[in-house]
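J.:
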Amino acid sequence: MTHPINREQGLELLRQMLRIRRFEEKCAELYQGGKIRGFLHLYIGEEAVAAGSIPLFAADDAIVATYREHGHALVRGTAMGSLMAELYGKANGCARGRGGSMHFFDASRRFFGGLAIVAGGLPVAVGLALADKMQQRARVTACYFGDGAVAEGEFHESLNLAALWTLPVLFLCENNLYAMGTALARHQSQTDIAGKAQAYGVRSKSVDGMDVLAVAAATRAALDHVRGGQGPFLLEYRTYRFRAHSMYDAELYRSKEEVSRWKKRDPLMTFEQSLRAAGVLFDEDLAKMELEIATEIEEAVAYAEAGPWEPVEDLTKDVYTENVRRL
Amino acid sequence: MTHPINREQGLELLRQMLRIRRFEEKCAELYQGGKIRGFLHLYIGEEAVAAGSIPLFAADDAIVATYREHGHALVRGTAMGSLMAELYGKANGCARGRGGSMHFFDASRRFFGGLAIVAGGLPVAVGLALADKMQQRARVTACYFGDGAVAEGEFHESLNLAALWTLPVLFLCENNLYAMGTALARHQSQTDIAGKAQAYGVRSKSVDGMDVLAVAAATRAALDHVRGGQGPFLLEYRTYRFRAHSMYDAELYRSKEEVSRWKKRDPLMTFEQSLRAAGVLFDEDLAKMELEIATEIEEAVAYAEAGPWEPVEDLTKDVYTENVRRL
Amino acid sequence: MAKITYREAVRAGLREALERDPLVFLMGEDVGKYGGTYACSKGFLDEFGPERIRDTPLSESTFVGAGIGAALGGMRPIVEVMTVNFSLLALDQIVNNAATIRHMSGGQFSIPLVVRMATGAGRQVAAQHSHSLEGWYAHIPGITVLTPATVADARWMLLTALEQPDPVFIFEHAYLYPMEGELEEGPPRVDICRAAVRRTGNDISLITFGGCLWKALEAATRLAQDGIEAEVVDLRVLRPLDLDTVLISVRKTHRAVVIDEAWRTGSFAAEISAQIGEQAFYDLDSPITRVCSAEVPIPYAKHLEDAALPQAATIVQTVKGMLCAS
Amino acid sequence: MAKITYREAVRAGLREALERDPLVFLMGEDVGKYGGTYACSKGFLDEFGPERIRDTPLSESTFVGAGIGAALGGMRPIVEVMTVNFSLLALDQIVNNAATIRHMSGGQFSIPLVVRMATGAGRQVAAQHSHSLEGWYAHIPGITVLTPATVADARWMLLTALEQPDPVFIFEHAYLYPMEGELEEGPPRVDICRAAVRRTGNDISLITFGGCLWKALEAATRLAQDGIEAEVVDLRVLRPLDLDTVLISVRKTHRAVVIDEAWRTGSFAAEISAQIGEQAFYDLDSPITRVCSAEVPIPYAKHLEDAALPQAATIVQTVKGMLCAS
Ligand SMILES: Cc1ncc(C[n+]2csc(CCOP(=O)(O)OP(=O)(O)O)c2C)c(N)n1
Ligand SMILES: Cc1ncc(C[n+]2csc(CCOP(=O)(O)OP(=O)(O)O)c2C)c(N)n1
Ligand SMILES: [Mg+2]
Ligand SMILES: [Mg+2]
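Protein chains in written order, with the working numbering: chain H, 74 to 400; chain E, 74 to 400; chain U, 50 to 375; chain W, 50 to 375.
#1: Counting C-beta neighbours from all protein chains within 10 Å, is the total for M124/U 16 or more, i.e. buried, or is it exposed?
#2: How many angstroms separate the CA atom of T75/E from the CA atom of G282/E?
#3: Helix, strand or coil for P99/W per DSSP?
#4: Span of the alpha helix (DSSP H) holding L353/W?
#5: Say yes only if the C-beta of Y313/H is nearer than 7 Å to one or more non-hydrogen atoms of ligand 3, and no if none qualify.
#6: Can you tell me whether M283/E is helix, strand or coil according to DSSP?
#7: So, does the CB of P190/U fall closer than 8 Å to a CB anywhere in chain E?
#8: Please state whether DSSP places C167/H in a helix, a strand or coil.
#9: Indicate the three-state DSSP secondary structure (helix, strand or coil) for T199/U in the structure shown.
#10: Could you tell me if Q142/U is buried or exposed, where buried requires 16 or more neighbouring beta carbons within 10 angstroms of its beta carbon?
#11: Within the present structure, is the beta-carbon of G36/E separated from the nearest heavy atom of ligand 4 by less than 7 Å?
#12: I believe A305/U touches I325/U by the beta-carbon criterion, under 8 Å. Please report the beta-carbon distance rounded to the nearest angstrom.
#13: Within the present structure, is the beta-carbon of A323/E separated from the nearest heavy atom of ligand 2 by less than 7 Å?
#14: My output table needs one value for V281/W: the three-state DSSP class, helix, strand or coil.
#15: Beta carbons nearer than 8 Å to chain H: which residues of the region 341–353 of chain U have them?
#16: Compute the distance between the beta-carbons of L240/H and V199/H, then report whether it is under 8 Å.
#17: At a cut of 8 Å, does the region 121–139 of chain H reach the region 182–196 of chain H through at least three beta carbon pairs?
#18: Step through the CB atoms of chain E and report whether any lies within less than 8 Å of the CB of L107/W.
#19: Identify which residue in E100/U, T363/U and L207/U has its Cα closest to the Cα of N271/U.
#20: Can you give me the start and stop residues for the alpha helix (DSSP H) that V80/U sits inside?
#21: Please report whether the beta-carbon of T75/E lies at a distance below 8 Å from any beta-carbon of chain W.
#22: Am I right that T54/W and M228/W are in contact with their C-beta atoms under 8 Å? What's the rounded C-beta distance?
#23: Could you name the residues of the same chain whose beta carbon sits closer than 6 Å to that of Y326/E, not counting the 5 residues immediately before and after it, in chain order?
#24: Interface residues of chain H around H152/W at Cβ under 7 Å?
#25: On the DSSP letters alone, give me the boundaries of the alpha helix (DSSP H) that V113/W sits inside.
#26: Are the CB atoms of Y393/E and D215/U nearer to each other than 8 Å?
#27: Considering just the uninterrupted stretch of the alpha helix (DSSP H) at R349/H, what are its terminal residues?
#28: Is it buried or exposed, K329/E, if we count other Cβ atoms within 10 angstroms and call 16 or more buried?
#29: Measuring only the C-alpha atoms, how far is V113/W from D309/U?
#30: Can you find a heavy atom of ligand 4 that lies under 7 Å from the Cβ of Y251/E?
#31: Taking only beta-carbon positions, decide if A311/W is within less than 8 Å of chain E.
#32: Let me confirm a value: V385/H is counted as buried when at least 16 other C-beta atoms fall within 10 Å, else exposed. Which label applies?
#33: Using three-state DSSP, classify T75/E as helix, strand or coil.
#34: Identify the continuous alpha helix (DSSP H) that holds I366/E and give its terminal residues.
#35: Could you work out which residues of chain H lie near E227/E, taking near to mean beta carbons separated by less than 7 Å?
In structure tokens:
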């Protein structure tokens, strides 16, 4: 614990983590049931990162995330129903059912995806920040990506460009120690990700991503740096994925022991304990929370179930903006 | 001066630098005369790098260079005539006249180009080194590239992969302070190129690229490291291009003063002076050298002039290997 | 004859390649510990060791370029790019180095490189994971482009490809991995230069490749129930193209439909249509038609994805339209 | 009417774009201090300042991606990729983000991005600097592909492109920059949706775009001397394609040659040929033919490069062959 805990804040952080956890447990169940298809990448185990960081961003800050973005969208405030509907492929989903799990979008919250090419979001984030800087807007663009993305050339190019032009980009690396089945040490010759920022003269820090308060504190500091106009910041969250990479994954690349060791550091469990220890959380709080979330999920599923399919006639709608003068 | 100078070695280094200088002066002249066409990137000013480093490589080491590779090919030992013929586009050129200035090749000397996509040679060099390592050959692959290439994602990816797999690659950055018209500080947020190696756990060093002896000493040390099986090494040569980037270039991006300041450090002039000061070079040596080189160039031009054009019927020859069983 | 899945066929080909030549090695993302995204190399890391089964970082441009370098250095690399979608990141290395160095160097260098990748849509993985770009690859002089659609081709094409001195690209349709098929015993090594007639018929030629072959065959079966005998030609090799087999079929049926999972405009189907038009114009009784994907980023929702892709039903409709019209 | 070079026309278009909208800015390699590789933005850095004229590092994927982001953020970026050859490094951003995000997000986001790049061969810059890949771009749903061949299109297309809410790619043929042409006074703003008939004739249709337009026109002039009146259609816009203008011409001449500087197999010329075959089959008096580049990495030597590329002479020959044949 890095801070004394205030009850309201503490409960809210726990609630957000629990929302993600329960939502995704439901997703896994619905995937088995065939309601959700395609690729489904669960965030379970990493909830402290989204829950601890996203609430710090202003409404007009931008967020760019990856295919493992359920938690980010939930905490950002997109209605759970429209996310569930998206997973169902329904027209009332946050991308009209065209994106699915990997491609959540929400323009009203400046949530730019849900981009599923590894590292493909970094250049876009650099550009969003450039637009803000050129228009003298005090906004920040937060760009989430995994440890695997660090190996891609775009990581290198984007950090250089953002630093060269002193752009307000917050590079947020969710280092869960694996890129699919490839352990960090098997894809990085030098595994200190935060340390790589030096090559660009970029400030950076690494923080325990299983500790929601540590995540919040480190993110707030990084955000202050970026908002202060001092250019980009690279923050590395050390976290861990409890589930398979996606739904099909024999997990041959790591031991059950390793996973259970990390589960002892389950961000929900440990935070719940510290809240109890601090005397700010009681059984009835948790029961109430679980009940509210269960209801929210029920309603989200109902919303998805009730949602319409996009008419096939609309298949090519929005490939281009309609009715545009080309002369 | 980093070493006492031995006359034979000293004269040979000077001779190689002078060969490059005079050869390229002739190229510029022939370009004006229309004998050479397309892009022509001169190395003038940077001769100490190729002259100081290339002689250190064994016959079975590999060299991968860029479109600014005349000097490298010359020092590596490809006959000046076949290089000149290549510039003429003649069939007796080192690439049958198909490559021109940017694409010198010489399989017999393991000279793999002459690759003109910036940073495109780095992954190839990593692969050549991988092949050597897998076949337990004690070879090294030397990969030359410019400061501009450092901005490309492939620089990042290649250093990581070479280090991750402990491959015998010598990354040789010819930092002439400009990528075409873009000064180093205008394309790199952090201009210490050698320092970037830390991000990969790669050993590195930066050396004065205008001092042929310093180049030789630093390259020898780096080469020993790589040959020792300790993985890649990044060596940065601080050098300067005296001529335009290519033949069309108004040089709006740098001042005449800057250029003339650097010309005071002309690697030929300074090395000639120190050889004289050390009492190992005399006027007659230089006169003899100039005469030999003038003759070599004359013969090279004659060889190119006399060379045949590749028959048009052979245009598509070598797109694929001929007469291969596809069943 | 033994039943085997397309995945097992790919696997068997890979294993034989690794067993018979010590210079062959496999590298790519998650080919090792993970066992291959499509489980094609499951167990290989233990079987052949980390020197020959190499997990790479997510650096497509560099590990493909490293494959080029390794081939130049005398190895026989098999590079697996997880899917064609990600191969865009390596396209510069492919176009400017792999396909070009032999010719540009005046024939001094050989690049015996094999690159495998999964291609195609149909699994609801949405717009960034559903591309069919084989047609782009078929545009590049200097490389060979293979599209195994049967278990036999999945099993044997790789081995012939490994005997080539120049780069070969193999596109495995991700949808086919679980498909079962009959595989003859013994190594009836397959060629990589000819198209194959998968079904004979006199009324119309259905020309296709890869994942669409099975949709074309299904369409042919349905058409047969209405007395229409369609001939189905599997191109197998997109570059260099075996047009003769196509022409023989079209000169017999006088009608052709080209089926391609790529977006219609600029699809490889256009090239086939153009070449038939150039070579067999006077043999045609009606315009050549194409059944391709709708020009849209492939959507996630099943009904929309189905509507976007070529289907047996669309092929049947198209054929009937052509036969009624004339 | 004033004489102006293609380069000056591009320059004038860029200047007007920068002057009339503060949200417009230009970024790319060497657009600033160097003045643009082809001198199209010479002096702009001083004129418009470093905020709006941005030299980028050699990071194609990232500065093109940054253009996408800047467009999403409300700016009107003009991204210059020095040449199409290097655009391969940015193709993932173009295919998977620029062209896809609007549809994939259910229409929530607009990407008003303009990307300009030089294309084509003819200057002896050899295999890695002579690609003509416009046809690949024309395969991508979600983007608009323009190929200005005249000074008027070089002058005005950019401005219409900047009014589009979706990404537009402009391919300037590097060989044309020094070309002079007549430009009408006043802004006769040009459309970016129609092909143009550059020369009328009744005997045959020469369909082309970009740098090949001038070779087609030269061929037409030579053919006229032999009494053959060729109609020359400049596609101007490869995506979305204006087939109607092509069909009207072909229905009049009953013969078509498609000329494209790309390698023949998988060229955009194949798409044109296929669509004419689909739509005007019964109007054709002879097979459509194509004049494209030889399937070879473009060589440096002048005589080999000339032999590899489409030439007026080849077009003349092809046309005569077609007319004699029938
Ligand atoms: C360029 C690219 N290559 C490969 C893939 C396939 N792929 C999807 S996720 C993934 C692993 C990424 O790992 P990481 O960046 O650490 O994110 P995590 O899944 O651990 O959250 C891979 C290889 C892809 N989507 N994009
Ligand atoms: C990927 C790519 N982008 C752009 C170019 C065009 N170009 C050729 S050389 C050059 C500058 C390279 O600078 P540097 O790497 O420092 O090498 P130098 O010319 O200084 O030796 C550029 C931008 C290219 N060849 N490849
Ligand atoms: Mg990870
Ligand atoms: Mg330089």
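All residues carry an ideal CB built from backbone N, CA and C; glycine is no exception. Model, not experiment: these values are computed from the prediction.
T.: Walking through what the data contain:
#1: Residue numbering aside, residue 124/U sits at position 75 when the third sequence is read from its first letter. Per the 10 Å Cβ criterion, buried.
#2: Locating residue 75/E in the second sequence gives position 2, counting from the first residue. Locating residue 282/E in the second sequence gives position 209, counting from the first residue. Legend: pLDDT at T75/E = 48, less than 50; position of this residue unreliable, no value from coordinates given.
#3: Locating residue 99/W in the fourth sequence gives position 50, counting from the first residue. In the structure shown, P99/W sits in coil (DSSP, three-state: anything other than H, G, I, E or B).
#4: The residue you call residue 353/W lines up with position 304 of the fourth sequence. Taken as a continuous stretch (DSSP letters only), the alpha helix (DSSP H) holding L353/W covers K351 to A357.
#5: Position 240 of the first sequence, counted from the first residue, corresponds to residue 313/H. Result no, Cβ not under 7 Å from ligand 3.
#6: Taking the first residue of the second sequence as position 1, residue 283/E is located at position 210. Of the three classes helix, strand and coil, the one that applies to M283/E here is coil, per DSSP.
#7: The residue given as residue 190/U occupies position 141 in the third sequence. Closer than 8 Å to some Cβ of chain E, the Cβ of P190/U qualifies, so yes.
#8: Along the first sequence, one-based indexing puts residue 167/H at 94. Here C167/H sits in coil by DSSP.
#9: The residue labelled residue 199/U in the question sits at position 150 within the third sequence. Coil at T199/U, not helix or strand.
#10: The residue labelled residue 142/U in the question sits at position 93 within the third sequence. Q142/U comes out buried.
#11: Because chain E here runs from 74 to 400, residue 36/E falls outside it and cannot be looked at.
#12: Start at 1 with the first residue of the third sequence, and residue 305/U comes out as number 256. Start at 1 with the first residue of the third sequence, and residue 325/U comes out as number 276. Right, their Cβ atoms sit about 6 Å apart.
#13: Reading the second sequence from its first residue, position 250 is the one you call residue 323/E. Because no heavy atom of ligand 2 lies under 7 Å away, the Cβ of A323/E does not count as near it: no.
#14: Along the fourth sequence, one-based indexing puts residue 281/W at 232. In the structure shown, V281/W sits in a strand (DSSP, three-state: E or B).
#15: A343, E344, V345, P346, P348, Y349, A350, K351, H352 and L353
#16: In the first sequence, residue 240/H corresponds to position 167, counting from 1. In the first sequence, residue 199/H corresponds to position 126, counting from 1. Yes, the pair counts as a contact, with Cβ atoms nearer than the cut-off.
#17: yes
#18: Indexing the fourth sequence from 1 puts residue 107/W at position 58. By this cut-off, L107/W is an interface position.
#19: As a position in the third sequence, residue 271/U is number 222, starting the count at 1. According to the sequence as given, residue 271/U is Arg; it is not Asn. Of the listed residues, the one whose Cα sits closest to R271/U is T363/U.
#20: The residue given as residue 80/U occupies position 31 in the third sequence. Where V80/U is concerned, there is no enclosing alpha helix (DSSP H), given that its DSSP letter is neither H nor E.
#21: Stepping through the second sequence from its first residue, residue 75/E is reached at position 2. Residue placement at T75/E cannot be trusted, given a pLDDT of 48 that sits under 50; what the coordinates show is reported in the next sentence. No - not a single Cβ of chain W is within 8 Å of the one on T75/E.
#22: Counting from 1 along the fourth sequence, the entry for residue 54/W is found at position 5. Counting from 1 along the fourth sequence, the entry for residue 228/W is found at position 179. Right, their Cβ atoms sit about 6 Å apart.
#23: Indexing the second sequence from 1 puts residue 326/E at position 253. These residues qualify, in order along the chain: G254.
#24: For the purposes of this step, residue 152/W is taken as the residue at position 103 of the fourth sequence. Near H152/W (Cβ distances below 7 Å), the residues of chain H are R171, D391 and V392.
#25: Translated into positions along the fourth sequence, residue 113/W becomes position 64. From DSSP, the alpha helix (DSSP H) with V113/W extends over E109 to L121.
#26: By 1-based counting over the second sequence, the position of residue 393/E is 320. By 1-based counting over the third sequence, the position of residue 215/U is 166. Cβ atoms of Y393/E and D215/U: closer than 8 Å.
#27: As a first step, residue 349/H must be located in the first sequence, where it is residue number 276. Per DSSP, R349/H belongs to the alpha helix (DSSP H) from P340 to A350.
#28: Mapped onto the second sequence, residue 329/E falls at position 256. Per the 10 Å Cβ criterion, exposed.
#29: As a position in the fourth sequence, residue 113/W is number 64, starting the count at 1. As a position in the third sequence, residue 309/U is number 260, starting the count at 1. Whole-angstrom Cα-Cα distance: 30 Å.
#30: Here residue 251/E is taken as the residue at index 178 of the second sequence, counted from 1. Yes.
#31: Walking along the fourth sequence from the start, residue 311/W turns up at place 262. No, because no Cβ of chain E sits closer than 8 Å to the Cβ of A311/W.
#32: Translated into the one-based positions of the first sequence, residue 385/H becomes position 312. The residue is exposed, with fewer than 16 neighbouring Cβ atoms inside 10 Å.
#33: Residue numbering aside, residue 75/E sits at position 2 when the second sequence is read from its first letter. Note on T75/E: pLDDT 48, under 50, position unreliable in the model; the coordinate value appears next. Residue state, collapsed to three classes: coil.
#34: The sequence position of residue 366/E within the second sequence is 293, counting from 1. I366/E -> alpha helix (DSSP H) spans D356 to A379.
#35: Indexing the second sequence from 1 puts residue 227/E at position 154. In chain order: G226.
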